[in-house]
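Under the numbering used here, the first residue of the sequence shown is numbered 12, with each subsequent residue one higher.
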Amino acid sequence: MGSLPWNADSQPLMLAPMQGLTNEALRACFIENYQPDIVFTEFVRVQGQSRKRIARADLAEIRSHSASIPLVVQLIGHEAVALAAAAEEVQAAGCRHLNLNLGCPYGRMTTGATGGELLNHPEKLPALLMALRRVVQGSFSVKCRAGYNMSRQLFDLLPVYADCGVDYLILHPRTVAQKYAGQADHDITREALQKTSLPIIANGDIDTAEKGLSLLSEGVAGLMIGRGALADPLVFQRLRQARVSCPDEVRQRRELAEFVLDLIPRYLAKFCGERQALMKLKDVLNFIPHLQFQKDLGKLKRSTTIARFQDLLVKNFLLFQQDRHC
Ligand SMILES: Cc1cc2nc3c(=O)[nH]c(=O)nc-3n(C[C@H](O)[C@H](O)[C@H](O)COP(=O)(O)O)c2cc1C
12 MGSLPWNADS
22 QPLMLAPMQG
32 LTNEALRACF
42 IENYQPDIVF
52 TEFVRVQGQS
62 RKRIARADLA
72 EIRSHSASIP
82 LVVQLIGHEA
92 VALAAAAEEV
102 QAAGCRHLNL
112 NLGCPYGRMT
122 TGATGGELLN
132 HPEKLPALLM
142 ALRRVVQGSF
152 SVKCRAGYNM
162 SRQLFDLLPV
172 YADCGVDYLI
182 LHPRTVAQKY
192 AGQADHDITR
202 EALQKTSLPI
212 IANGDIDTAE
222 KGLSLLSEGV
232 AGLMIGRGAL
242 ADPLVFQRLR
252 QARVSCPDEV
262 RQRRELAEFV
272 LDLIPRYLAK
282 FCGERQALMK
292 LKDVLNFIPH
302 LQFQKDLGKL
312 KRSTTIARFQ
322 DLLVKNFLLF
332 QQDRHC
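What follows is the structure, encoded as structure tokens:
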């Protein structure tokens with residue numbers, strides 16, 4: 012067993028891996044301003060054929076993590092030898108906590124089933140899990156859906172995860188076939204708590220502090236939040252302070268503006284040129300669900316320069332006055 016990336020007496024709040032979004036710049040923004048306890052890389056593809064199992068850019072991102080909070084590197088792949096070699100490369104690059112993606116509904120590689128597709132081939136899991144367990148010196152976790160097309164598949168797999176030496180499980184209780192439709196079914200999470208002694212991190216549709224606190228009180232080891240953290244980056248602090256009431260619209264707009272304004276220089280430094288940085292900023296806006304913001308978000312999404320984007324953000328969000336729009 013490797014050591015967990017959190018203290019046994021705490022319930023960690025984790026920022027979820029989101030491909031195309033949770034790059035090092037966005038993670039740094041969260042770490043510095045919103046304090047999740049643990050962050051994850053976007054999934055890192057493991058090459059079956061190449062001598063170098065992980066792309067150079069992915070290794071550079073892993074090496075660049077200097078924050079004091081743990082970074083967990085998430086691998087996606089389908090060959091035991093390649094995954095184990097990739098885990099060695101990650102550890103040599105300075106990161107000791109690894110996670111295997113068993114959830115992504117779009118993770119299939121041309122060479123084989125990966126991510127959530129692996130739940131359609133559960134007979135392949137023990138070899139992959141054990142190969143990783145043998146080499147990972149820190150914590151080894153899996154992030155899984157409840158099943159491929161039946162959420163009760165989880166209950167057959169819980170003993171497999173435990174027997175293969177997984178340290179903790181991040182559970183997104185939708186099926187792979189469901190993709191993102193419907194709601195995450197946290198009754199499955201509650202049942203899993205009764206059926207395994209593995210620590211379970213709850214994930215899926217935790218978009219308010221209230222929902223998160225309720226799951227924590229029911230015995231999950233911690234929470235992982237993805238889209239809810241983009242919509243409300245302060246959710247980690249609201250959870251820590253058990254603040255369940257929602258801020259009013261003026262404050263919500265100001266908080267959102269402060270988040271995105273902070274991202275602008277980070278994205279300009281990370282991405283190649285203004286156009287790409289702007290496109291990536293707009294990707295973040297796609298995850299802000301508040302209906303009353305959509306008209307103003309639409310204007311931001313149509314802007315063609317960072318200067319215009321920033322002006323609109325300041326005018327319509329940071330300096331928004333309720334009565335002006337009444
Ligand atoms: C755009 C996007 C990209 C994602 N990329 C990943 C990924 O790289 N690895 C992963 O395990 N899950 C990925 N997910 C799934 C999230 O980590 C999370 O499990 C899911 O969104 C449910 O949690 P939420 O409701 O808090 O967002 C992604 C989700 C979204 C929306």
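Ideal Cβ placement from N, Cα and C applies to all residues, glycine included.
Here the structure is a predicted model, which is why all the values come from computation and not from measurement.
Asked, Found
"Nearest-residue set for ligand 1, Cβ under 6 Å from any heavy atom", "Ala27, Pro28, Met29, Gln30, Gly31, Leu32, Glu53, Phe54, Gln85, Asn112, Gly114, Cys115, Lys154, His183, Asn214, Gly215, Asp216, Ile217, Ile236, Gly237, Arg238 and Gly239"
"Nearest candidate by alpha-carbon position, reference Arg185, set Tyr159, Arg74 and Val84", "Tyr159"
"Any non-hydrogen atom of ligand 2 within 8 Å of Thr200 CB", "Ligand 2 is absent from the structure shown, which contains only ligand 1."
"Straight-line gap, Ala213 to His183 (C-alpha atoms, nearest Å)", "7 Å"
"Local conformation of Phe328 per DSSP, three classes", "helix"
"Backbone CA spacing between Leu329 and Glu221 [nearest angstrom]", "26 Å"
"Cβ neighbour criterion (16 or more within 10 Å) applied to Thr200", "buried"
"Secondary structure of Ala93, DSSP reduced to three states", "helix"
"Cβ separation of Pro81 and Gly233, assumed to be a contact under 8 Å, to the nearest whole Å", "Rounded, the Cβ-Cβ distance is 12 Å, inconsistent with contact."
"Nearest candidate by alpha-carbon position, reference Leu154, set Met25, Arg67 and Gln102", "In the sequence under discussion, the amino acid at residue 154 is Lys, which differs from the Leu named in the question. Ranking the options by Cα distance to Lys154, first place goes to Met25."
"Residue interval of the alpha helix (DSSP H) (run including Lys281)", "Glu260 to Lys281"
"Helix, strand or coil at Val153 [DSSP, three-state]", "strand"
"Bridge-paired residues (DSSP) for His132", "Bridge partners of His132: none, in fact."
"Burial state of Val92, where buried means 16 or more other Cβ atoms lie within 10 Å", "exposed"
"C-alpha distance - Ser256 paired with Lys310, whole-angstrom precision", "29 Å"
"Cβ-based neighbour list, Ser208, same chain, cut-off 8 Å, excluding 5 preceding and 5 following", "Ala173"
"For Gln85, the three-state DSSP class (helix, strand or coil)", "strand"
"Straight-line gap, Thr122 to Gln58 (C-alpha atoms, nearest Å)", "9 Å"
"Three or more C-beta pairs below 8 Å linking the segment 123 to 132 and the segment 89 to 109", "yes"
"Same chain, Cβ closer than 6 Å to Ala318, neighbours up to 5 away in sequence not counted", "none"
"Check whether Val171 and Pro137 have beta carbons under 9 Å apart", "yes"
"Alpha-carbon to alpha-carbon, Lys190 and Ala135", "According to the sequence as given, residue 135 is Lys; it is not Ala. Computed Cα separation, rounded: 22 Å."
"Local Cβ density within 10 Å of Asp216, reported as buried at 16 or more and exposed below that", "buried"
"Local Cβ density within 10 Å of Thr125, reported as buried at 16 or more and exposed below that", "buried"
"C-beta atoms of Glu229 and Leu204 nearer than 9 Å", "yes"
"Simplified DSSP assignment, three categories, for Leu111", "strand"
"Whole-angstrom C-beta distance between His76 and Cys338, which should lie under 8 Å", "Outside the shown range of the chain (12 to 337) lies residue 338, about which nothing can therefore be said."
"Residues sharing a beta bridge with Ile236, DSSP", "Leu26"
"Nearest to Ala338 (by Cα), restricted to the options Arg156, Ala104 and Tyr179", "No statement about residue 338 is possible, as the shown extent of the chain runs from 12 to 337 and does not include it."
"Expected contact under 8 Å - CB spacing of Val55 and Val83 to nearest Å", "Contact doesn't hold; Cβ gap of about 11 Å is too wide."
"Same chain, Cβ closer than 8 Å to Tyr1, five either side skipped, listed in chain order", "Any answer about residue 1 is impossible in this case: the structure gives the chain only from 12 up to 337."
"Where Ala213 falls: helix, strand or coil (DSSP)", "strand"
"CB of Val146 within 9 Å of CB of Glu99, strictly", "yes"
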